[in-house]
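Colleague: Before I ask anything, here is the structure I am working with.
Here it is in C-alpha cells:
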C-alpha cells in the first residue's frame, strides 16, 4: 500500500486535499458554477436524481498481490452504491472508465467485469457507459453512479441535531481486520461488505431520521465529519459499538460501508439499527466522555480522497 | 505522445480493443446485464436521459509540454459534450475524477478547473460530483456527462439509409494541423474546437435527419464506423469536403468534433450543413468512387479508445 510517506516523497512536499478542493471551488465559482463537496453525493438538475463518483487506484485502494480482479470490480461498485445509500437513493445506473496497466490480461478484465456485474445485478442496476484506456502507470478504475431518491429528499450529513441518538446499520472492523491480516485468505475478508441500500430506503422514509453518511474511513473520522458538518458534538459509548475484532481497529479502520445516522429519540427503527451514542450541543467526537482526535484513514495522504 | 509501438512494447504483445470489449460484454451478459457499445452515448432507465464517459490520459491525449492545464480542462469537457451532441442531447450535468501525478501544482489544478468551468458555463451545465486522487503514473482525467434528449429520440449512428445524403457541420483538419505543428503556438490551434450542441438540437428536431455521430478519430475512420453500423456504403466527394489545411490530413486526423450526419434528399437544413456525399446500398467508404481503408487515429493503440 502507498502510505503517507511514500506519497509525500513523490510530491516532494506534503499535499493537502483541502487546498486542492479550495482551488477547484474557486475556479468553478469564478465561472458561475458551484459544487457542494459537503456530502456523499451531488444533486443534479433533475429533482430526484443524485450522483457520486469515486476512483480505485492500484496500490492505494487495491493490490493485485492480494486482491482478485473479481473483488476489485465488486469494490468499485460497492463504494459508489454505498454513497448512494448514504444519501437515501436507490441506484439508477453506473458508468465506468478503466485506465489499465497493460499487465492486465483479457482474463483479468473479464473477472473484473464479473465482479462489477455481480454486484450491479444484485441491485438491478445497469452499466450504461464505459471507456477503456491503457497507460503504463497504476491502473485506475473510475465509477460514476446515479441514483433516484427513495424518500422526499436526500439524507445529508449536515442534518444531525443536539438530542439525536446516533446509530450504525452493522458491525465495524471486518474490512480492516482482513486488510491487516498476513494471510491472503483473511485479507480477502475485507471484501465481504455490501452497500446498505435496503437499510437506506427504510431510513429515507422514516420520520425522525435526520443525518446520514456511510463509514468509509473509520467511525471516529467519519463521525468527526458529521459532527463538523452538523455543528454538534457526537458522544459515543464504546460498549455499544458493534465490532468484529478489537475495538480500536474497528473504530479507526476504514472500508466498512455501514451507514452512520442520527434520529430523534423514540424514532421507530428496525432491529439492525444499533444505537452507539448521542448528539449534544458543542463540537467534536467523544468516546466514553473523552474527546478523541479524528483518527482514521486519510485517503488523500495514501493517494486518494 | 505514446504511439502504437510504445504501447505494444509495454504490453509485450499487441492489444486489441475489440477483445477487451468482448470479454466485458460477455461478463455483463452472464450476469443479466447488457451494454450497447455501438453508439456515442448509452441510454439510462430514465426515458430522456443519456450518458457518456471518456478519459484523457497524460502523454496520450495531452502532453504538458504543449498543452496548458486550461486547455486540458476544456478538452475534457468538450469531448464528452460532443458525444452528447452526437446523440441529440443537451447537457444536464457532468462529474469528473482527477487522478493526478503529484507534479501537478495547485496552480495547475486551478487552471484545469478554469478550463472545464469555462466550457461548462457556456452551456449552462454544472459539475455536480468530483473525486481527487494522486498516483505516480500519467495523470488521468475521467469525465461522465449526462444529457437530456432535445428531440423525440436519440440520434444514432445506425440510422443511415441508402439514398441519404451525408453532411458535416463544420470544417475538418484544424486540430490535426495544430497537433502536427512544430511550434507551440500552432499546436494550441488543436484546442479551438467546440461541441456542436446548437447544431445537434436543430438536427434532432428536423424531419428527415437519420444517422448522426461526432468525428473524433477522423472523417474516414468515423464514416467507416457509421457505414458498418448502418450497413450502407458511404460515398464521399473530396471536392465537397470543407477542410482547413491539406485534404489528406483533414480526413485522417482526429479531434475535430464536428458532427457527421445523414438526411433524406430535400431535407430542409441550415447553411452550416455541408453536403460531402451520399449513402448507397453496400458497405465501406469510397472517396471519389475509390474504396478507402478506414484510415484514422486508433485511440486504443495509442493508449485509449
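Chains as they are written, first to last, in our numbering: chain A, 2 to 306; chain B, 2 to 306. Using N, Cα and C, we set each Cβ at its ideal position, and we do this for glycine too. Just so it is clear, the structure is predicted and the values come from calculations on it, not from any experiment.
Taking just the CA atoms, how far does residue 223(A) sit from residue 298(A)?
Modeller: The residue given as residue 298(A) occupies position 297 in the first chain. The residue given as residue 223(A) occupies position 222 in the first chain. Confidence in residue 298(A) is poor, its pLDDT being 49 and thus under 50, which makes the residue's placement too unreliable to answer from.
Colleague: Between residue 137(A) and the ligand GTP, is the CB less than 6 Å from at least one heavy atom?
Modeller: The model depicted lacks the ligand GTP and carries no ligand whatsoever.
Colleague: Going by C-alpha to C-alpha distance, which of 99(B), 284(B), 219(B) and 212(B) sits closest to residue 145(A)?
Modeller: As a working mapping, residue 145(A) is identified with position 144 in the first chain. The shortest Cα separation from residue 145(A) among 99(B), 284(B), 219(B) and 212(B) belongs to 99(B).
Colleague: Checking 7 Å against the spacing of the C-beta atoms, do residue 174(A) and residue 251(A) come in under that value?
Modeller: For this step, residue 174(A) is matched to residue 173 along the first chain. For this step, residue 251(A) is matched to residue 250 along the first chain. Contact flag set, yes.
Colleague: Report the CB separation of residue 229(B) from residue 287(B) in whole angstroms; it is logged as a contact under 8 Å.
Modeller: As a working mapping, residue 229(B) is identified with position 228 in the second chain. As a working mapping, residue 287(B) is identified with position 286 in the second chain. Going by Cβ atoms, the distance from residue 229(B) to residue 287(B) rounds to 14 Å, so no, they are not a contact pair.
Colleague: Return the residue from the list 73(B), 88(B) and 105(B) that minimises the CA-CA distance to residue 118(B).
Modeller: If you number the second chain from 1, residue 118(B) lands on position 117. The candidate whose alpha carbon is nearest that of residue 118(B) is 73(B).
Colleague: Three or more beta-carbon pairs under 8 Å between the region 146-155 of chain A and the region 81-91 of chain A, yes or no?
Modeller: The region 146-155 of chain A vs the region 81-91 of chain A: in contact.
Colleague: Note down the Cα distance separating residue 281(B) from residue 163(B), rounded to an integer number of angstroms.
Modeller: By 1-based counting over the second chain, the position of residue 281(B) is 280. By 1-based counting over the second chain, the position of residue 163(B) is 162. If I take the Cα positions, the gap works out to 4 Å.
Colleague: Give me the chain B residues within the contact set of residue 61(A), using Cβ-Cβ distance strictly less than 9 Å, ordered along the chain.
Modeller: Taking the first residue of the first chain as 1, we reach residue 61(A) at position 60. Chain B residues near residue 61(A): 134, 135 and 136.
Colleague: Please check if any C-beta of chain A sits within less than 7 Å of the C-beta of residue 305(B).
Modeller: Locating residue 305(B) in the second chain gives position 304, counting from the first residue. With a pLDDT of only 33 at residue 305(B), under 50, the local geometry of the prediction cannot be trusted, and the value read off the model is given with reservation. By this cut-off, residue 305(B) is an interface position.
Colleague: At a Cβ threshold of 7 Å, is residue 54(B) touching chain A?
Modeller: Locating residue 54(B) in the second chain gives position 53, where the first residue counts as 1. So yes, residue 54(B) belongs to the interface.
Colleague: Can you tell me whether DSSP reads residue 100(B) as helix, strand or coil?
Modeller: Taking the first residue of the second chain as position 1, residue 100(B) is located at position 99. Strand, per DSSP.
Colleague: State the start and end residues of the unbroken beta strand (DSSP E) segment that holds residue 292(A).
Modeller: Within the first chain, the letter at position 291 stands for residue 292(A). Per DSSP, residue 292(A) belongs to the beta strand (DSSP E) from 291-293.
Colleague: I need the straight-line Cα distance from residue 265(B) to residue 226(B), nearest angstrom please.
Modeller: Within the second chain, residue 265(B) is the residue found at index 264, counting from 1. Within the second chain, residue 226(B) is the residue found at index 225, counting from 1. Each residue's Cα considered, the two are about 20 Å apart.
Colleague: So, with DSSP's three-state summary, where would you put residue 272(B)?
Modeller: For the purposes of this step, residue 272(B) is taken as the residue at position 271 of the second chain. DSSP places residue 272(B) in coil when its eight states are reduced to three.
Colleague: Please compile the residues from chain B whose C-beta is within a distance smaller than 8 Å of the C-beta of residue 46(A).
Modeller: Translated into the one-based positions of the first chain, residue 46(A) becomes position 45. 93, 94 and 127, listed in chain order.
Colleague: If contacts are defined as beta-carbon pairs under 8 Å, then residue 36(A) and residue 26(A) qualify, I think. What distance do you get, rounded to the angstrom?
Modeller: Numbered from its first residue, the first chain carries residue 36(A) at position 35. Numbered from its first residue, the first chain carries residue 26(A) at position 25. Indeed, because the Cβ distance is near 6 Å, the residues count as touching under 8 Å.
Colleague: In angstroms, rounded to a whole number, what distance separates the CA positions of residue 123(B) and residue 198(B)?
Modeller: To locate residue 123(B), count along the second chain from 1; it is residue 122. To locate residue 198(B), count along the second chain from 1; it is residue 197. Spanning the two alpha carbons is a distance of roughly 11 Å.
Colleague: So, with DSSP's three-state summary, where would you put residue 240(A)?
Modeller: To locate residue 240(A), count along the first chain from 1; it is residue 239. Of the three classes helix, strand and coil, the one that applies to residue 240(A) here is helix, per DSSP.
Colleague: Which residue's Cα is closest to the Cα of residue 126(B): 85(B), 109(B) and 102(B)?
Modeller: Reading the second chain from its first residue, position 125 is the one you call residue 126(B). Among 85(B), 109(B) and 102(B), the Cα nearest to that of residue 126(B) is on 85(B).
Colleague: Does the region 266-273 of chain B come close enough to the region 202-211 of chain B that 3 or more CB-CB pairs lie under 8 Å?
Modeller: Judged by Cβ distances under 8 Å, the region 202-211 of chain B makes contact with the region 266-273 of chain B, as three or more pairs qualify.
Colleague: At what residues does the alpha helix (DSSP H) containing residue 181(A) begin and finish?
Modeller: For the purposes of this step, residue 181(A) is taken as the residue at position 180 of the first chain. 175-181 is the extent of the alpha helix (DSSP H) around residue 181(A).
Colleague: For the candidate residues 184(B), 283(B), 205(B) and 200(B), whose alpha-carbon lies nearest to that of residue 259(B)?
Modeller: Against the second chain, residue 259(B) aligns to sequence position 258. It is 200(B) whose Cα lies nearest to the Cα of residue 259(B).
Colleague: Terminal residues of the continuous beta strand (DSSP E) containing residue 77(B)?
Modeller: If you number the second chain from 1, residue 77(B) lands on position 76. Where residue 77(B) is concerned, there is no enclosing beta strand (DSSP E), although the alpha helix (DSSP H) it sits in stretches over 70-87.
Colleague: Comparing C-alpha positions only, which one of 256(A), 261(A) and 29(A) sits nearest to residue 76(A)?
Modeller: Locating residue 76(A) in the first chain gives position 75, counting from the first residue. The candidate whose alpha carbon is nearest that of residue 76(A) is 256(A).
Colleague: Would residue 19(B) be called buried (16 or more neighbouring beta carbons within 10 Å of its own) or exposed?
Modeller: Taking the second chain and counting its residues from 1, one reaches residue 19(B) at position 18. With fewer than 16 Cβ atoms within 10 Å of its Cβ, residue 19(B) is classed as exposed.
Colleague: Once the 5 residues before and after residue 45(B) are set aside, which same chain residues still bring their CB inside 7 Å of it?
Modeller: Mapped onto the second chain, residue 45(B) falls at position 44. The residues are 51 and 52.
Colleague: Mapping DSSP to helix, strand and coil, what is residue 216(B)?
Modeller: Within the second chain, residue 216(B) is the residue found at index 215, counting from 1. Correct three-state label for residue 216(B): coil.
Colleague: Listing by chain order, which chain B residues have their CB less than 7 Å from the CB of residue 143(A)?
Modeller: The residue given as residue 143(A) occupies position 142 in the first chain. Result: 98 and 143.
Colleague: For a contact defined as C-beta to C-beta under 7 Å, what are the partners of residue 122(B) on chain A?
Modeller: As a first step, residue 122(B) must be located in the second chain, where it is residue number 121. Within chain A, the residues near residue 122(B) are 32, 33 and 34.
Colleague: Check whether the Cβ atoms of residue 38(A) and residue 161(A) lie closer than 7 Å to each other.
Modeller: One-based indexing of the first chain puts residue 38(A) at position 37. One-based indexing of the first chain puts residue 161(A) at position 160. Not in contact: residue 38(A) and residue 161(A) (Cβ atoms no closer than 7 Å).
Colleague: When burial is assigned at 16 or more other CB atoms within 10 Å of the CB, is residue 294(B) buried or exposed?
Modeller: Reading the second chain from its first residue, position 293 is the one you call residue 294(B). Label assigned to residue 294(B): exposed.
Colleague: With DSSP as the reference, label residue 300(B) as helix, strand or coil.
Modeller: As a working mapping, residue 300(B) is identified with position 299 in the second chain. Bear in mind that a pLDDT of 45 at residue 300(B), under 50, signals an unreliable position, so the number given afterwards is only what the model happens to contain. The answer is coil: DSSP assigns residue 300(B) none of H, G, I, E or B.
Colleague: In terms of residue numbering, what span does the beta strand (DSSP E) encompassing residue 201(A) cover?
Modeller: In the first chain, counting from the first residue as 1, residue 201(A) sits at position 200. Here residue 201(A) belongs to no beta strand (DSSP E); instead the alpha helix (DSSP H) covers 198-205.
Colleague: Find the nearest neighbour of residue 190(A) within the set 68(A), 49(A) and 57(A), judged by alpha-carbon distance.
Modeller: For the purposes of this step, residue 190(A) is identified with residue 189 of the first chain, where counting begins at 1. Here the closest residue by C-alpha is 68(A).
Colleague: Hey, would you say residue 129(A) sits closer than 7 Å to residue 94(A), going by beta carbons?
Modeller: Here residue 129(A) refers to the residue found at position 128 of the first chain. Here residue 94(A) refers to the residue found at position 93 of the first chain. Yes, the pair counts as a contact, with Cβ atoms nearer than the cut-off.
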